[in-house]
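Quick notes on the structure that follows.
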Amino acid sequence: MIGQAVNRVDGPSKVTGRATYSYENWEAGQPLYGVIVGATIGKGRITRIDAGSAERAPGVRMVMSHHNAPEQGPRDESVPMEYWRAQPALTGPDVHHYGEPVALVVAETFEQARAAAELVDVDYAVGQGRFLLAGHEGEAYAPKTVNAGLATDTAVGDFDAGFSSAPVKIDQYYTTPYELSMPMEPHACLAEPRGEDLIVHVSCQIVDAARASIAATLQTDPERIHIVTPFVGGGFGSKLGIHAETILAALAARASGRPVKVALTRQQVFQLVGVRPTSNQRVRLGAGRDGRLSALAHDVTMHTNPDMEYAEQTAATTRSLYAAPHRLTSHRLTPLDLPRGSDVRAPGEAPGMLAVESAMDELAEALGMDPVELRIRNEPTVDPERDVPYSDRHLVDCLREGARRFGWERRPVPPASMRDGRWLVGYGMSAAIRGHFQGPTAVRVRLTADGTAVVQSDMTDIGTGTYTILTQVAADGLGLPRERVRVELGRSEHPSSWGSGGSWGATNSSTATYRACAALREKLLAAACGDTRSPLYGLDPANAVFAVGGVRIGGMSEALSEIVARHAPEGMEAEGRTRFMGDDPHYSAYSIHTYGAHFAEVGVDADTAEIRLRRMLGVFSVGRVLNAKTARSQLMGGMIWGAGAALEEEAVVDPRTGAFVNRDFAQYLVPVHADIPDVEVVVLDGYDDKANPLGAKGVGELGICGSGAAVANAVFNATGIRVRDFPITLEKVL
Ligand code: MOS
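Throughout, the numbering used here is defined as the position within the sequence shown, counted from one, plus 433.
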């Protein structure tokens, strides 16, 4: 069952509208509606808030500002992961970035709340904001660590000596813009008070973090907070933590004693949930004439909000990508008065690979060497910075298989040498690599007397396919038909998980499910083989085979439902767990990643420089695939996001106010169907026994890693013009 291209088990409920998302929930009865009023300056202080007209407007029940907002827990930097920390809102008159909430207007209807929000009168003392990275480079500082607790800087060998003596050198700067996660479902919350308790329907990626964070903010016992989020309309990082809409809904629900709904508008999503930091990346490559790298450096400067530090691990995976004896990586932060940086779709690799894999293409060009061959020549035998073996590295297999399938040998070698009518045609490629993470996740599997298995975890399904793959893993683990497995997710009363993020969700929750099933099989066998009433009495459990809803030993068999009915009529259950990677010896003994190779063909209009993608191919190695269909969808989605990063996606800052000026989907461009032609996804058969007992690794973010560089390199091959300032919009190519 594991690996099959099973259709989504939650598909019918979604396409028929029976799947309820957080804001759509009506069970709570008639709710109040909250609308957030955002600051219209980027830096400064509120000097006066007049909420009188808003409070007197029809239907208004409450206007909350820093004058009357309840006291909230402070962010506690000692909490190891930021998503579990308090997220106080409306705490004081200071404005840290444009759009920051300054008030919440609560009314009987959404329209009344929205109308009254217009009446809240706010005066500001405008401060001197820093809104552009340029001009503030001197203020950059080194954070203690970067995202995921990784080292800020690394140095191996003697980079300066290695680089200066290299016969062929590349030394270039690449910039990447602000990008946003932009899930289809904007961030939303319905908070419902029930006695001392609060039921919180919130669109989030990590239920345990949501509960801890809300409890810490409200300074209440986490047991009093109940998260319900069975369906989530995408996350892409922006729902790893919770945001102002959730905290404000919770505060207003407590203050009013009524259910309160707050949703961000799409425009507010641009200001309030965190952005991928803009980056300025210097890449230096020194190589011999044979293409072997002797020196490799990746130095990154990014923005951070001074109030909430975030350092993307943009150069971290470069540490494991290619062999080179002399190496440097570094991360620096420049404080700007902009929304805080946050995890967005493959934090680290997505912008980092744009720079490094563009630079590798520049090196291949300087050497007159095939870019695929250059990468193969720099394949390391052990992790070059950690000096530990790779668990299961198939980068070269991906490169070779991709080149063969794509017809790479037809690449026009001199740039700008292939024409198709008015189109200049180019081929580009890139390697892909993504770190593999594991966190503590628990899953409970319960077998009922009617022979149904119920799988429970607070794990989320953010559109990725969790319901489906856990159904497959449990059906496989207990020998049940798929229809006899029910998966229940997204509720804080279920065993807690690390949620969906970092491409770890599927492997954590599947491994925990696999282990729960193994423990449950043992319980069933102990019960049956030790029971004189069972046909399996006295037989050796080591020979047991679980299939078609029963267990067979030799010629004897018994239905699981009968074993349960006799021994535990209320149901028999077991839990399975994964542990934090820092406590797992495999994670220190091996360098564990997923890999891939991207190939792209573009056409560039010879007169207008319009860039059209013609085809893309990705070949990936991810260990064992849990569901061929959902894995392919994830990888394809990532490749498309990468194409968007190369050509379209960019949030632009207004230098006067620090607002993002293009804050809707009309102006913040992401690929649409017409932008994306033929995308082919190939996944190599695999099994990584160091990752987990299923041999599976994450796929969610691998597709975006490097795919933008393949497109960028194809643009160079088509035109001979190298754009290092992403995205590659046509005016940069003209
Ligand atoms: Mo992902 S950016 O860790 O949700």
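The C-beta atom is built at its ideal place from N, Cα and C for all residues, glycine as well.
Note that the structure is predicted; figures quoted are calculated from it, not measured.
Remark: the shortest separation between the CB of D794 and any heavy atom of the ligand MOS does not fall under 8 Å.
Placement of the Cβ of D894 at a distance of 8 Å or more from every heavy atom of the ligand MOS is found.
R518 and A992 have their alpha carbons spaced roughly 47 Å apart.
Between G774 and Y743 a beta carbon distance of about 4 Å is seen, short of the 8 Å cut, so the two are scored as contacting. For the segment 1005 to 1049, the continuous beta strand (DSSP E) assignments of 3+ residues that do not extend past its boundaries occur at 1005 to 1011 and 1026 to 1038, in sequence order. Remark: the shortest separation between the CB of D973 and any heavy atom of the ligand MOS does not fall under 8 Å.
Within the segment 1129 to 1160, the complete alpha helix (DSSP H) runs of at least 4 residues fall at 1140 to 1152. Relative to the ligand MOS, even the nearest heavy atom lies 8 Å or more away from the CB of F1013. Note that the C-beta distance between E1134 and V1103 is not below 9 Å. In the three-state scheme derived from DSSP, where H, G and I count as helix and E and B as strand, H1000 is classed as helix. The residue from G1051, A648 and S446 with its alpha-carbon nearest to that of R508 is A648. Going by C-alpha positions, P521 is about 39 Å away from V906. A heavy atom of the ligand MOS is found nearer than 8 Å to the CB of R778. Runs of the alpha helix (DSSP H) lying entirely within the segment 827 to 868 and spanning at least 4 residues, in chain order: 828 to 839. Here P968 has M989 and E991 as same chain residues with Cβ atoms under 6 Å from its own Cβ, once five neighbours each way along the sequence are excluded.
Ranking Y531, G982 and V539 by CA distance to the CA of S498 puts V539 first.
Here V1037 is buried. Its C-beta has 16 or more other C-beta atoms within 10 Å. Between the ligand MOS and the CB of E1134, the shortest heavy atom gap is smaller than 8 Å.
Using a Cβ-Cβ distance cut-off of 8 Å, the segment 797 to 809 and the segment 718 to 730 are in contact, since at least three pairs of beta carbons, one from each stretch, lie closer than that value.
Under DSSP, Q605 forms a beta bridge with V716. E1008 has its alpha-carbon roughly 48 Å from the corresponding atom of V1085. For a cut-off of 8 Å, the C-beta gap from C1138 to A792 is around 15 Å, too long to register as a contact.
Contact between the segment 629 to 646 and the segment 931 to 950 is established, with three or more Cβ pairs separated by less than 8 Å.
Taking a 10 Å sphere around the C-beta of H620, we find 16 or more other C-beta atoms and assign the residue as buried. Judged by DSSP in its simplified three-state form, M741 adopts strand. Under the three-state reduction of DSSP, H1106 is assigned to helix. Around the beta carbon of K577, a 10 Å sphere encloses fewer than 16 other beta carbons of the protein chains shown; the residue is thus reported as exposed. Listed in chain order, the beta strand (DSSP E) elements of length 3 or more contained wholly in the segment 496 to 538 amount to none. Judged by DSSP secondary structure, V789 falls within the alpha helix (DSSP H) whose first and last residues are E782 to L800. Distance from the CA of T944 to the CA of G872, rounded to the nearest whole angstrom, comes to 11 Å. Of all C-beta pairs linking the segment 887 to 897 to the segment 1141 to 1161, fewer than three are shorter than 8 Å, placing the two stretches out of contact. Going by beta carbons, R954 and G910 fall inside the 9 Å limit. The nearest non-hydrogen atom of the ligand MOS is 8 Å or more from the C-beta of S930. By the beta-carbon neighbour count (other beta carbons within 10 angstroms, threshold 16), T449 is exposed. DSSP places F669 outside any beta strand (DSSP E), giving it a letter other than H or E. Residues of the same chain with their beta carbon placed closer than 6 Å to that of G582 are lacking, with the five preceding and five following residues left out of the count.
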